[in-house]
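Participant:
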Amino acid sequence: MKRGFLNSSKVKKKPLYEAHTSTESAQEAIQDQEKPGPTLNVIKLPFGKVENRGVPNDYKVSGLTPTEWSHNARVDYDPNQAVMTTIPPRNFNMPPNPDGHSTWIVRGVTKAKVLNRPGYPKVVPKPSGPPAYEVRSTPDMGMGVFATRDIAAGELILAERPLLVAPRDIGMMVDPSKLMLREKYSPDEFKQITMMECEKLLEFVVHRYMEPEHREAFLALANSHQEDGSGPLLGIIRTNGYGIEGLFDGPKVNEWESNTYGAIVKVGSRINHSCRPNINHKFDLDAFCLSFFAERDIPSGKQLSYSYCYMGQSAADRQAELAPYGFSCTCPSCVNATPESDKLRTEHEQRISTAEASVARGAANKATFASLIDLKKQLVEEGLDASDAYPKLLKAISALCGKLGMTAEESKYLKDMKNYVL
Ligand SMILES: C[S@@+](CC[C@H](N)C(=O)[O-])C[C@H]1O[C@@H](n2cnc3c(N)ncnc32)[C@H](O)[C@@H]1O
Numbered sequence: 000m001k002r003g004f005l006n007s008s009k010v011k012k013k014p015l016y017e018a019h020t021s022t023e024s025a026q027e028a029i030q031d032q033e034k035p036g037p038t039l040n041v042i043k044l045p046f047g048k049v050e051n052r053g054v055p056n057d058y059k060v061s062g063l064t065p066t067e068w069s070h071n072a073r074v075d076y077d078p079n080q081a082v083m084t085t086i087p088p089r090n091f092n093m094p095p096n097p098d099g100h101s102t103w104i105v106r107g108v109t110k111a112k113v114l115n116r117p118g119y120p121k122v123v124p125k126p127s128g129p130p131a132y133e134v135r136s137t138p139d140m141g142m143g144v145f146a147t148r149d150i151a152a153g154e155l156i157l158a159e160r161p162l163l164v165a166p167r168d169i170g171m172m173v174d175p176s177k178l179m180l181r182e183k184y185s186p187d188e189f190k191q192i193t194m195m196e197c198e199k200l201l202e203f204v205v206h207r208y209m210e211p212e213h214r215e216a217f218l219a220l221a222n223s224h225q226e227d228g229s230g231p232l233l234g235i236i237r238t239n240g241y242g243i244e245g246l247f248d249g250p251k252v253n254e255w256e257s258n259t260y261g262a263i264v265k266v267g268s269r270i271n272h273s274c275r276p277n278i279n280h281k282f283d284l285d286a287f288c289l290s291f292f293a294e295r296d297i298p299s300g301k302q303l304s305y306s307y308c309y310m311g312q313s314a315a316d317r318q319a320e321l322a323p324y325g326f327s328c329t330c331p332s333c334v335n336a337t338p339e340s341d342k343l344r345t346e347h348e349q350r351i352s353t354a355e356a357s358v359a360r361g362a363a364n365k366a367t368f369a370s371l372i373d374l375k376k377q378l379v380e381e382g383l384d385a386s387d388a389y390p391k392l393l394k395a396i397s398a399l400c401g402k403l404g405m406t407a408e409e410s411k412y413l414k415d416m417k418n419y420v421l
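In numbering that gives the first Met the number 0, the protein residues as written are 0 to 421.
(1) Would you say the beta carbon of Met-140 is closer than 7 Å to some non-hydrogen atom of ligand 1?
(2) Using the C-alpha atoms, what's the distance from Tyr-76 back to Cys-274?
(3) Measuring straight from C-alpha to C-alpha, what distance separates His-70 and Leu-162?
(4) Going along the chain, which residues of its own chain have a beta-carbon closer than 8 Å to the beta-carbon of Ala-158, five neighbours each way excluded?
(5) Output the distance between the C-alpha atoms of Gln-423 and Phe-91, rounded to the nearest integer angstrom.
(6) Might you give, ordered along the chain, the residues of its own chain that have their beta carbon closer than 6 Å to the beta carbon of Gly-486, omitting 5 neighbours on each side?
(7) In whole angstroms, give me the CA-to-CA distance for Asn-79 and Met-179.
(8) Between the alpha carbons of Val-460 and Ala-362, how many angstroms are there, rounded?
(9) Between the region 298 to 312 and the region 142 to 150, do at least 3 Cβ pairs fall closer than 8 Å?
(10) Please classify Glu-346: is it buried, with 16 or more other beta-carbons within 10 angstroms of its beta-carbon, or exposed?
(11) Just mark Ala-28 as buried or exposed, buried being the case when its beta carbon has 16 or more other beta carbons within 10 Å.
(12) Does the distance from the C-beta atom of Tyr-260 to that of Ala-111 stay below 8 Å?
(13) Specify the secondary structure class of Thr-64 as computed by DSSP and reduced to three states.
(14) With DSSP collapsed to three states, give me the class of Gln-349.
(15) By the DSSP assignment, the alpha helix (DSSP H) with Glu-202 in it spans what residues?
(16) Going straight from the alpha carbon of Val-205 to that of Ile-236, what length do you get?
(17) DSSP state of Ala-179, grouped into three classes?
(18) Quick one: does Phe-46 have its CB under 8 Å from some CB of chain C?
(19) Thinking C-alpha only, which one of Pro-120, Thr-238, Tyr-309 is nearest Gly-47?
(20) In or out: Met-83 buried (at least 16 other Cβ within 10 Å) or exposed?
(21) Do Tyr-119 and ligand 1 come close, with the Cβ less than 7 Å from some heavy atom?
(22) Answer with buried or exposed for Gly-311, where buried requires no fewer than 16 other C-beta atoms within 10 angstroms of its C-beta.
(23) Can you say whether Glu-196 is buried or exposed, counting buried as having 16 or more other CB atoms within 10 angstroms of its CB?
(24) For the alpha helix (DSSP H) that contains Asp-283, what are its first and last residues?
(25) Within 10 angstroms of the Cβ of Lys-190, are there 16 or more other Cβ atoms? Answer buried if so, exposed if not.
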């Protein structure tokens, strides 16, 4: 199973709904460029108990809806047109797609970008073997997803079409001129306005457009944003959204920034967080599905987990990044955190790069091998074998073994590495 180095853990899970505060207009941002653009400024929406919730008294909520509301495959839209659609497109004279359909709030050009991809459409990949997971309640984390059999590292556990895919700047998408309101209102008031506009749009989408079965599954998901001014639908999106790597309105910015999209899924959104996770995920734009893979061997009965936060940071910084989800992480890496483990976390990518460079430069001696194996051991103990950088270390060790004539080990580390490459 191939797993990707480019899939930065920073995109694994971020609060989906961040308000777009770039000075460029949404119209400008929609220009479709594949080359990386500047990092856009985003403001984080509030979380936790927030006083003075609600929009300012003199603000009238517009409750605008997308200009196009159709299930079809149309792609000739105005650049900035907000569209509500179904993907794969749906023709009601035809039977539904066997892999299901997602509700998609999208800018017209971005819809065209996906439907015109050379590889689109593709069927949703199917895991092999008997079903590998079940959703059930946990004593301390609400619902969770558990392995129902032994799962091998690299195995596809689940692939599903989202219930809903929405842009991060959904609150301003229908009427970008509202961005000007930042000059009239305080930052906190503007955030409340953004959230209210978003909720109104979501009410329309979820209650009038989404298939009843999907609506039921969506409304049953957890909401960790009950007191900050998020409406109930936006709260569900903020709690359960997965960032979609590689799908941008306009220029590509950092994957975790504002002009991208998030997906809410029925099963995957029940997976809880750990700083030493055992699964990873990847969004496939051609099949329009989110796939989950085992990061390591997972024994039957074990809870599946992935990291909602960037793994290469200290325990305190991880807790701060997790705060919007309304829990304190009690995984062994957090409970047993020390200055040394924090240092390993923050330095691990650099240390792996240094190891790769020294092997590439030609270092080929037993001392280098021993130091790389020691680094590997430390990373595994800290749960950082789930980090995106870890397979690079396996590759470097394999290359070093090759140089040292250790052919059996060379193949072994290469094989291990392939389990991590999406
Ligand atoms: C995406 S949902 C995960 C599924 C959720 N447990 C449910 O019942 O649907 C995220 C929420 O799950 C809970 N959660 C996730 N990971 C947790 C953890 N490690 N410890 C405690 N609660 C956790 C938090 O309430 C968080 O807001």
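For every residue, glycine included, the Cβ atom is placed at its ideal position computed from N, Cα and C.
Facilitator: Judging by the given coordinates:
(1) Because some heavy atom of ligand 1 lies under 7 Å away, the Cβ of Met-140 counts as near it: yes.
(2) Each residue's alpha carbon lies about 42 Å from the other.
(3) So the alpha carbons of these two residues sit roughly 14 Å apart.
(4) Within the same chain, Ala-158 has close Cβ partners Val-123, Pro-124, Lys-125, Pro-126, Asp-283, Ala-286, Cys-288, Leu-289, Ser-290, Phe-291.
(5) This structure gives no information on residue 423, because the portion of the chain shown stretches from 0 to 421.
(6) Residue coverage of the chain in this structure runs from 0 to 421, which leaves residue 486 outside it and unanswerable.
(7) Take the alpha-carbon of Asn-79 and the one of Met-179: they are about 17 Å apart.
(8) Nothing can be reported for residue 460, as the shown portion of the chain is limited to 0 through 421.
(9) Segment contact: the region 298 to 312 against the region 142 to 150, three or more CB-CB distances shorter than 8 Å; contact assigned.
(10) Per the 10 Å Cβ criterion, exposed.
(11) Unreliable placement is indicated for Ala-28, whose pLDDT of 37 sits below 50; the coordinate value is still reported in the next sentence. In the assembly as shown, Ala-28 is a buried residue. Its beta-carbon has 16 or more other beta-carbons within 10 Å.
(12) Cβ distance not < 8 Å, so Tyr-260 and Ala-111 don't count as in contact.
(13) DSSP places Thr-64 outside both helix and strand once states are collapsed to three, so it counts as coil.
(14) Judged by DSSP in its simplified three-state form, Gln-349 adopts helix.
(15) Secondary structure note for Glu-202: its alpha helix (DSSP H) is the uninterrupted segment 186 to 203.
(16) Their Cα atoms are separated by approximately 11 Å.
(17) It is worth fixing the name first, because residue 179 is Met in this sequence and not Ala. Three-state result, Met-179: helix.
(18) Given the protein chain composition of this structure (a single chain), no chain C is represented.
(19) Of Pro-120, Thr-238, Tyr-309, the residue nearest in Cα terms is Thr-238.
(20) Buried is the call here.
(21) Remark: the shortest separation between the CB of Tyr-119 and any heavy atom of ligand 1 does not fall under 7 Å.
(22) Under this definition Gly-311 is a buried residue.
(23) Under this definition Glu-196 is a buried residue.
(24) In the DSSP annotation of this structure, Asp-283 is not part of any alpha helix (DSSP H); the continuous beta strand (DSSP E) holding it starts and ends at 278 to 283.
(25) Buried is the call here.
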